[in-house]
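Working notes for the structure below.
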Amino acid sequence: MRLHFSRKMLGIPYVVFLLFFVIIPMLIILFYAFTDREMHFSFANFIQFFSDPTKLSTIVYSLVIALITTAVCLLIAYPVAYILARSKMKKKFVILLLFVTPMWINFVLRINAIRELLSWIGLLGETNYFNTILGMVYDFLPFMILPLYTTMLKIEESLYEASADLGAGGFTTFQRVTLPLSMPGIASGITMVFLPSMTNYVVSDMLGNSKVTIIGKFIYEYFGTNWHMGSMVALILLIVVFLSTWLTGGLRENETVRGANL
Amino acid sequence: MAEHIIELQNVTKYFDDNLVIDNVSFYVNKGEFITFLGPSGCGKTTTLRMIAGFDLPTSGKILLNGKDISLLPPNRRPVNTVFQRYALFPHLNVFENVAFGLKCKRVLNTYRNDEGKEYTKKERLSKKEIREKVEKALELVDLEGFEKRSISTLSGGQQQRVAIARAIVNEPEILLLDEPLGALDLKMRKEMQIELKEMHRRLGITFIYVTHDQEEALTMSDTIVVMADGVVQQIGTPIDIYNEPSNTFVADFIGESNIFNGTVVGEKKVKFCGKTFDCVDDFERNEPVDVVVRPEDVLMCAPEAGALRGTVISVVFKGIHYEITVQVGKYEVVIQSTESRKEGEVIGMNVAPDGIHLMKPKYTSNVFDGVITKHNTVEFADGEFECDVTQLYPGSHIDEEEYLVTAAGEKLDLTGTEVKVEIGLNDIEISDDENAGGTTGHIISMIYKGDHYRMIVRTDGEDEEDFVFATDDLWNENDRVSVIVPKDKIRLTLKHPEDKKK
Chain F
-13 MRLHFSRKML GIPYVVFLLF FVIIPMLIIL FYAFTDREMH FSFANFIQFF SDPTKLSTIV
47 YSLVIALITT AVCLLIAYPV AYILARSKMK KKFVILLLFV TPMWINFVLR INAIRELLSW
107 IGLLGETNYF NTILGMVYDF LPFMILPLYT TMLKIEESLY EASADLGAGG FTTFQRVTLP
167 LSMPGIASGI TMVFLPSMTN YVVSDMLGNS KVTIIGKFIY EYFGTNWHMG SMVALILLIV
227 VFLSTWLTGG LRENETVRGA NL
Chain X
1308 MAEHIIELQN VTKYFDDNLV IDNVSFYVNK GEFITFLGPS GCGKTTTLRM IAGFDLPTSG
1368 KILLNGKDIS LLPPNRRPVN TVFQRYALFP HLNVFENVAF GLKCKRVLNT YRNDEGKEYT
1428 KKERLSKKEI REKVEKALEL VDLEGFEKRS ISTLSGGQQQ RVAIARAIVN EPEILLLDEP
1488 LGALDLKMRK EMQIELKEMH RRLGITFIYV THDQEEALTM SDTIVVMADG VVQQIGTPID
1548 IYNEPSNTFV ADFIGESNIF NGTVVGEKKV KFCGKTFDCV DDFERNEPVD VVVRPEDVLM
1608 CAPEAGALRG TVISVVFKGI HYEITVQVGK YEVVIQSTES RKEGEVIGMN VAPDGIHLMK
1668 PKYTSNVFDG VITKHNTVEF ADGEFECDVT QLYPGSHIDE EEYLVTAAGE KLDLTGTEVK
1728 VEIGLNDIEI SDDENAGGTT GHIISMIYKG DHYRMIVRTD GEDEEDFVFA TDDLWNENDR
1788 VSVIVPKDKI RLTLKHPEDK KK
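Residue numbers (the working numbering), protein chains in the order written: chain F, -13 to 248; chain X, 1308 to 1809.
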């Protein structure tokens, strides 16, 4: 029998990867989340999580930190992306590069640098939440600028002209043309900043003087002692993530954003 | 007398250092359909954009109903634009696109208060008013029922109609249309031409239309403004522009033309292609003129009956007519006729007096300002040319130390002397070897004149001087060439004859 090589077979390596590194681990998490130490089916982890005020407050803190980080990133990135996208400057890629290059420097190194800086100013250990958010904004800002910049770059100059031609002043044009057309960029920027800032506990650990616990830290710690609880927290985070993606996805309107996954 | 709704006064526009509009002045009558026509890069779109307010003139004034609006932002001008590629808002549906301008609008409403006093309030239009206006506009462009459709689901022609509706719904005083039919196919374009014309008639507002398509301009306009190189070439009705082009550029650009060099030899008599013809234009005797004959005005007849006689060298079928090229001596004549002829056939040709259009040649010689340099060369038009400086002083000669010795034996150093440089139309050659000539430039225009090309080369340096000359060779526009002028063909005269005695 001749072996027929079909194009579908090119997908085999990925299917294997998917099976071993995505599907099976997910099933394992699901299994652990709903069993107790004797491997019997149980809702105990679920009930315990939602009846423990410290666990709930951790979730709330994580959400608040992530929200503030996202908002600050958006406030800084939006005007910059707008100016860069509309400027006819020949050297603007240099400025863009300046925003992006920190991403190419080792993450731990960058956070350490901020830590040194904060300790030199005397803020380390004093303003833990501020420090955490500062670190996260510093870390995730490029992920907000890039999708915003690429979406705004796609807005044709003639649309701004058409808006002015039809009688809209600067603010109206922003409200009714610029903002709605940059929504896909805002949505993907939010997803790319919001999610990591809920889980990236390296930042909160190093800059928050270990006083700030976010949900990612939680999971990490439980997997040292109690896989069942750890799995449950991971599962809950998964649901939170899924919900927020779904919410911001509404802003996206089927638009795919270039550079969204840079 | 018609009212001037728009008037441009000495408008000049530079983009960085590039001159795109050069001192343009004209007016637009209220209610007319006016078209800016010209090749790409002639400045027609920039002129339109300055009227819309997207670009501001570097100098000069734009008046709207007599008021200076040169510096007013676009959102405060009572004009609306139909953009070249429509520029519809992709995030809004058809209704929202058309309603965009209405939602920005504030109108003054007058009310009476309890004490019977009148007062006015600036208010937005109500939802009902907006809906009514949008529906009316969509009806006008035949898009009833399309309100909810998203822009991306529309065909090019439909998007075009939405763009028109979006502009006219605001009831502008002037509608600006920037090559609006450029993206449509031929059939669609013809239909839209008729519809736009009809719309203009019904709305009664002024239309300013930009196109590079001469047929479109001739079909639709009341008035055509022909532009080239940032300068207005001719303004007139389509019939005037076609029948009485004011220069060879217009004749060449609008429709097909045979252009010849001619000479006026008697009262209403002109000689070209070696024969004398009766014509209707009267020019001074012996004056060189440009002769324009439309291909459809050349009538074919039996060889012995024609004023001209020649051999058919090519016949091309063009749908409605045949395009027949005939070699008459050293000249080529192009004829359009519904009758065909065979290649190689000898035919006669006649031209009726009203088919011959004479125009003053724009260029009779090249004149530049120059300066004599150290080595008795002359510097002009971004270059340096060898010349004979002894012509400035009759009877003079150059001694071995390069001084000029006048007839009276006086020794002169001419360095720095300002002179007028004149070069005849037949005394210039060009070469693609950049170092062959005195200066370099690129070809900006080429017009075929029956047996030769009239070429214009613009120098690359900051002088941006134009060399006009005749050549037998075919080059391409924008070719970079160097300009060669033989030493004995450069005619010099002193700019300040009073300097002579120094």
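The C-beta atom is built at its ideal place from N, Cα and C for all residues, glycine as well. Fair warning: this is a prediction, and the values are worked out from it, not measured in the lab.
Can you find a C-beta in chain X that's less than 9 Å from the C-beta of residue i?
i                : result
threonine 137(F) : no
glutamate 147(F) : yes
serine 144(F)    : yes
valine 163(F)    : yes
serine 174(F)    : no
For a contact meaning CB atoms closer than 8 Å, what does residue i contact in chain F?
i                  : result
asparagine 1387(X) : Asp151, Leu152
Quick one: measure Cβ to Cβ for residue i and residue j, integer angstroms, because I've assumed they're closer than 8 Å.
i                  : j                     : result
leucine 1711(X)    : threonine 1697(X)     : 7 Å
asparagine 117(F)  : glycine 194(F)        : 6 Å
isoleucine 1566(X) : proline 1545(X)       : About 20 Å separates the two Cβ atoms, so there is no contact after all.
methionine 89(F)   : proline 128(F)        : 5 Å
asparagine 1400(X) : lysine 1455(X)        : 6 Å
proline 1385(X)    : glutamate 1480(X)     : 5 Å
lysine 1504(X)     : methionine 1527(X)    : 5 Å
methionine 218(F)  : asparagine 31(F)      : 4 Å
valine 1665(X)     : phenylalanine 1556(X) : At residue 1665(X) the sequence reads leucine, which differs from the valine that was named. So it is not a contact: roughly 16 Å between Cβ atoms.
By DSSP, does residue i sit in helix, in strand, or in coil?
i                  : result
arginine -7(F)     : helix
glutamine 1391(X)  : coil
isoleucine 1735(X) : coil
valine 243(F)      : Low confidence applies to valine 243(F): its pLDDT is 43, below 50, so where it sits in the model is not reliable enough to give any reading.
glycine 1408(X)    : helix
aspartate 1485(X)  : strand
alanine 67(F)      : helix
valine 198(F)      : coil
glutamate 207(F)   : helix
glycine 1338(X)    : coil
methionine 1308(X) : Residue placement at methionine 1308(X) is flagged as unreliable, the pLDDT there being 49, under the threshold of 50; the coordinate-derived value follows with that caveat. Looking at methionine 1308(X) - three-state DSSP - the assignment turns out to be coil, as it is neither helix nor strand.
leucine 1491(X)    : coil
glycine 1464(X)    : helix
isoleucine 54(F)   : helix
Show which residues of chain F have a CB atom less than 7 Å away from the CB atom of residue i.
i                  : result
cysteine 1411(X)   : Leu152, Gly153, Ala154, Thr158
asparagine 1382(X) : Ala150, Gly153, Ala154, Gly155
Counting only Cβ pairs nearer than 9 Å, list the residues of chain X close to residue i.
i              : result
leucine 167(F) : Phe1396, Pro1397, His1398
valine 66(F)   : Per Cβ cutoff of 9 Å: no residues; valine 66(F) is ~23 Å from chain X at best.
Any Cβ of chain F within less than 9 Å of the Cβ of residue i?
i                     : result
phenylalanine 1407(X) : yes
glutamine 1325(X)     : For the record, residue 1325(X) in the displayed sequence is asparagine; it is not glutamine. Answer no: the Cβ-Cβ gap between asparagine 1325(X) and chain F never drops below 9 Å.
glutamine 1465(X)     : no
alanine 1474(X)       : yes
glycine 1360(X)       : yes
arginine 1392(X)      : yes
asparagine 1477(X)    : yes
Which residues in chain F have a C-beta closer than 9 Å to the C-beta of residue i? List them in chain order.
i                     : result
asparagine 1416(X)    : Neighbours of asparagine 1416(X) on chain F: none; closest Cβ ~18 Å, over 9 Å.
phenylalanine 1687(X) : Neighbours of phenylalanine 1687(X) on chain F: none; closest Cβ ~34 Å, over 9 Å.
Worksheet item: Taking only runs of the beta strand (DSSP E) that begin and end inside the stretch 1497 to 1540 of chain X, which ones reach a length of at least 3 residues, in chain order?
Response: 1513 to 1518, 1530 to 1535
Item to complete: Would you mind listing the alpha helix (DSSP H) stretches within the stretch 61 to 146 of chain F that are 4+ residues and don't spill past its ends, in chain order?
Response: 78 to 86, 93 to 107, 114 to 140
Worksheet item: Considering only residues of the stretch 1417 to 1460 of chain X, which uninterrupted alpha helix (DSSP H) runs meet the minimum length of 4 residues and lie entirely inside it, listed in chain order?
Response: 1434 to 1447
Worksheet item: For the stretch 1638 to 1697 of chain X, which segments carrying the beta strand (DSSP E) assignment without a break, of at least 3 residues, lie completely within its bounds, in sequence order?
Response: 1638 to 1644, 1653 to 1658, 1663 to 1666, 1672 to 1679, 1684 to 1687, 1690 to 1693
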